[in-house]
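Let me begin by presenting the structure, written as structure tokens, before commenting on it.
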Amino acid sequence: MKRFSFFSAVSLTLGFAFLYVPMLILIIFSFNESKLVTVWAGFSTKWYVSLLHNEAFLDAAWVTLRVAVFSSTIATVLGTMAAYVLVRQGRFAGRTLFSGMIYAPLVMPEVITGLSLLLLFIAVGVDRGIFTIVLAHTTFSMCYVSVVVSSRLATFDRSVEEAALDLGAEPFDAFRSVTLPIIAPAVISGWLLAFTLSLDDLVIASFTAGPSSTTLPIKIFSSVRLGVSPEINALSTLMIGIVTVGVISVSIMTKRSATRQARDERAAIQG
Amino acid sequence: MPDPKPSAQPVEFAPWVDPKAAPLISFRGVTKRFGDFTAIDNLYLDIFQREFFALLGPSGCGKTTLMRMLAGFENATEGTILLEGQNIGAVPPNKRAVNMMFQSYALFPHLTVWDNIAFGLKRSDMPKDQIPARVEDMLRLVQMQKFAKRKPHQISGGQRQRVALARSLAKAPKLLLLDEPLGALDKKLREETQFELMEIQEKTGTTFVIVTHDQEEAMTVASRIAVMDHGKLIQVDTPPVIYEAPKSVYVADFLGDVTVIEGRANRVGDIYEVSWAEGQPPLRCASPLTLAPDQSCFVAVRPEKVEIHADRPEDENVLQGKIVDIGYLGNLSTYHVQLANGQIIKAQNFNTERDTRRRFTWEEDVWVNWTVRCAILLER
């Protein structure tokens, strides 16, 4: 193994410190005995326990989870459909316009997206609540799904689909039994992306949430304005933990399937 | 697989000369345009049952488009395509009794070899309990029984080719389309597979239409070859006819090696004499063509028809020159003989004797000649 030079060691340390010191401090202080966030007074898990009894936080978490699951699922279905048509349909009038328009929400400031959705909901007369947050999150996360899925479809060997049609499959059957299983990893990453986006969205949710439907980011943000409590540190630590476990397990899964495929191919070449 | 050969001599298979034979496929004035580009240009073609028909041409000549129209992936801009007398223009690919083997094989990566072959059967009206037997038959046909449970990425390129073939034959199509089926295989495997393809074609009695740019492959497997260029059929004939009696310089040059000499033809008795260069004797050529006196024409000679001599032979079409290039291929050698006027004649000799010293060498003065029947006279 190559030894680190002084320069690389310093730059690596600096880079990682920049990324992780804030989170590290948050995690350490979530185990603080004291009620004061910035003064260390010994190790304790009492804030985790009190978190479990905080109805307001638990409700907000439950709302957030439901919103994330519903909106990312709807966004995945719609985004995959849009990507499929844009990549597969070939040239049709307005294709360039449509593919440009589907990516526009990616660069649109969230404040504008949130405000326009709010105006729409008021105009239509929908009561704001979980339903409106789900709709709003679907709107902005759908284009992320569409980007991920269409980049996979672009590299997809079209003749595989044609082979399915050639062998007697109806177009939808060909999509379901051949295309979908092959692009499934991209669809799943699209879903995960939409899920995380929905999980940590504050701006759009604040525009579209009603009084009964406070999401976790809104709850955290509003509590912090009244002063940071160690409970919030504990909650944030839990969220970091969940995300870390998720990311690590996905990457292990990907790596394993890649090694398996490489091994199989070697075996095939050797006969 | 030694098959019991039928004892009776088979009747020569040539339905295209039988005026009563009904074609399996019939292109009637088919044109296909992509925007301004004409891929297929007012094409008429009949293909008969049990034929092994090769579409040959350079890339972009329209051969793949023609095949994709048969599969149903492209629609003709004008004209009709008949399959057993029925217009199939409006029939989608999944409703046609036509199957295709793709150049990339297009195996389903998430399904096993067994499930790949069963894919089409499960979507046909075959009773469910008969599917396993049919899949086993197909696996046996391509000798892949041992690999039924493998996924496509777990088998070699040659094995994938076999699975793709088995999958496209499973539904017993009336017509099988093969798009450059052997393109991805190395030379040795390709040659073996050509003979297997022919055997499978005979065994199943399916009509095969193969697209290829490899002229040797077309010559080996096909009952008839269609040479295409710019969306038109240049010539459609059996391999021997297309090689020995090409109708144009394009076809003569596309299939095999040829020396082409331009000149003016005049009839002398039942032979044409082509005067072609100052100080060179006229070339004598037998031809069924009727040419006007002094009509400009081409004489095409295949290198293997040209003999090479150290001394002047007593024969017709004798030309003197100097060897400027030798291509040694082991079994044969190609000599490039340059005449006094600069024209190069290619001559090919089989190296029938095991002698590493060459009979002729560079810069040697030699004589070449060919008989009147060996040269092809082509209209300009």
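So the sequence lines, in the order shown, correspond to chains A and B.
Residues in the first sequence are numbered consecutively from 821, following our numbering.
Residues in the second sequence are numbered consecutively from 96, following our numbering.
In this text, a Cβ means the ideal position worked out from N, Cα and C, and glycines have one as well.
In this text the structure is predicted, and so the values were computed from the model without any measurement.
Using a cut-off of 7 angstroms between C-beta atoms, extract the partners of A:Ala-983 located in chain B.
Phe-197, Ala-201
Leaving out five residues before and five after B:Asp-450 in sequence, what residues of the same chain have Cβ atoms less than 8 angstroms from its Cβ?
none
Residue interval of the beta strand (DSSP E) (run including B:Tyr-139):
Here the beta strand (DSSP E) through B:Tyr-139 covers 132-142.
Give me the Cβ distance between A:Phe-824 and A:Leu-937, rounded to the nearest whole Å; I'm assuming they're in contact under 8 angstroms.
So it is not a contact: roughly 50 angstroms between Cβ atoms.
beta-carbon A:Leu-1022 near the ligand MN non-hydrogen atom, thresh 7 angstroms:
Absence of the ligand MN is noted for the structure shown, with no ligands found whatsoever.
Thinking just about the alpha-carbon of each residue, which of B:Ala-116, B:Ala-387, B:Thr-160, B:Ser-382 is nearest to the one in B:Glu-275?
B:Thr-160
Residues in the same chain with beta-carbon distance under 6 angstroms from A:Leu-926, minus the five sequence neighbours each way, listed in chain order, please.
Cys-963
With C-beta atoms as the reference, is B:Arg-191 less than 8 angstroms away from B:Gly-167?
In contact: B:Arg-191 and B:Gly-167 (Cβ atoms closer than 8 angstroms).
Does any CB atom of chain A fall closer than 8 angstroms to the CB of B:His-308?
no
Put B:Lys-91 into one of helix, strand or coil per three-state DSSP.
Limits of chain B in this structure are 96 at one end and 475 at the other, which puts residue 91 of chain B out of reach.
For B:Asn-137 and B:Glu-173, the rounded distance between their alpha carbons:
8 angstroms
Can you tell me the Cα-Cα spacing of A:Ser-828 and A:Gly-1066, whole angstroms?
Taking C-alpha positions only, A:Ser-828 is separated from A:Gly-1066 by approximately 30 angstroms.
By Cβ distance, which residues of its chain are closer than 7 angstroms to A:Ala-1007, with the 5 residues on each side in sequence left out?
The displayed chain sequence assigns Val, not Ala, to residue 1007 of chain A. Here the set comprises Thr-896, Thr-900, Val-969.
Can you pull out the residues from the region 997-1009 of chain A whose beta carbon lies closer than 7 angstroms to at least one beta carbon of chain B?
Val-998, Pro-1001, Ile-1002
Give a yes or no on whether 8 angstroms exceeds the smallest Cβ distance from A:Val-980 to chain B.
Interface residue, yes.
Pick out whichever of B:Val-461, B:Leu-328, B:Glu-231 has its Cα sitting closest to the Cα of B:Gln-415.
B:Val-461
With a threshold of 8 angstroms between beta-carbons, can B:Lys-283 be considered close to chain A, or not?
So no, B:Lys-283 is outside the interface.
Are the C-beta atoms of A:Ala-1087 and some chain B residue less than 8 angstroms apart?
yes
Leaving out five residues before and five after A:Ser-891 in sequence, what residues of the same chain have Cβ atoms less than 6 angstroms from its Cβ?
Excluding its 5 nearest sequence neighbours in each direction, A:Ser-891 has C-beta neighbours in its own chain below 6 angstroms: Val-954, His-957, Thr-958, Ser-1018, listed in chain order.
Does DSSP put B:Arg-359 in a helix, in a strand, or in coil?
Of the three classes helix, strand and coil, the one that applies to B:Arg-359 here is strand, per DSSP.
Within this structure, are the beta carbons of B:Ala-360 and B:Leu-473 separated by less than 8 angstroms?
no
Do B:Ala-201 and A:Glu-875 have their C-beta atoms within less than 8 angstroms of each other?
No. Outside cutoff.
In the region 162-188 of chain B, which residues sit with their C-beta less than 7 angstroms from some C-beta in chain A, listed in chain order?
Flagged, chain order: Ala-166, Phe-168, Pro-188.
On a Cα-Cα basis, can you pick out the residue from A:Ser-1071, A:Ile-950, A:Ala-1054, A:Leu-1046 that is closest to A:Ser-1009?
The residue with the shortest Cα to Cα distance from A:Ser-1009 is A:Ser-1071.
For A:Ile-847, which residues of its own chain have a beta-carbon under 6 angstroms away from its beta-carbon, when the five flanking residues on both sides are left out?
Thr-1057
Could you have a look at B:Met-323 and say whether DSSP puts it in helix, strand or coil?
strand
Which residues share a DSSP beta bridge with B:Ser-199?
Its beta-bridge partners do not exist; DSSP assigns none.
Neighbourhood of B:Ile-250 by C-beta, 6 angstroms cutoff - its chain only, sequence neighbours within 5 removed
Phe-242.
Where B:Gln-240 falls, given that 16 or more other Cβ within 10 Å makes a residue buried
Exposed is the call here.
Indicate the three-state DSSP secondary structure (helix, strand or coil) for A:Cys-963 in the structure shown.
helix
Measuring CB to CB, does B:Gly-152 end up less than 8 angstroms from B:Ile-135?
no
Assign A:Leu-878 to buried or exposed, taking buried as 16 or more other Cβ atoms, counted over all protein chains shown, within 10 Å of its Cβ.
The residue in question, A:Leu-878, is exposed, as its Cβ has fewer than 16 Cβ neighbours within 10 Å.
Is B:Arg-379 near B:Glu-411, with beta carbons less than 8 angstroms apart?
yes
Flag B:Phe-214 as yes if its beta-carbon sits less than 8 angstroms from any beta-carbon of chain A, otherwise no.
Closer than 8 angstroms to some Cβ of chain A, the Cβ of B:Phe-214 qualifies, so yes.
So, does the region 334-345 of chain B touch the region 121-131 of chain B, judging by three or more C-beta pairs under 8 angstroms?
Judged by Cβ distances under 8 angstroms, the region 334-345 of chain B makes no contact with the region 121-131 of chain B, as fewer than three pairs qualify.
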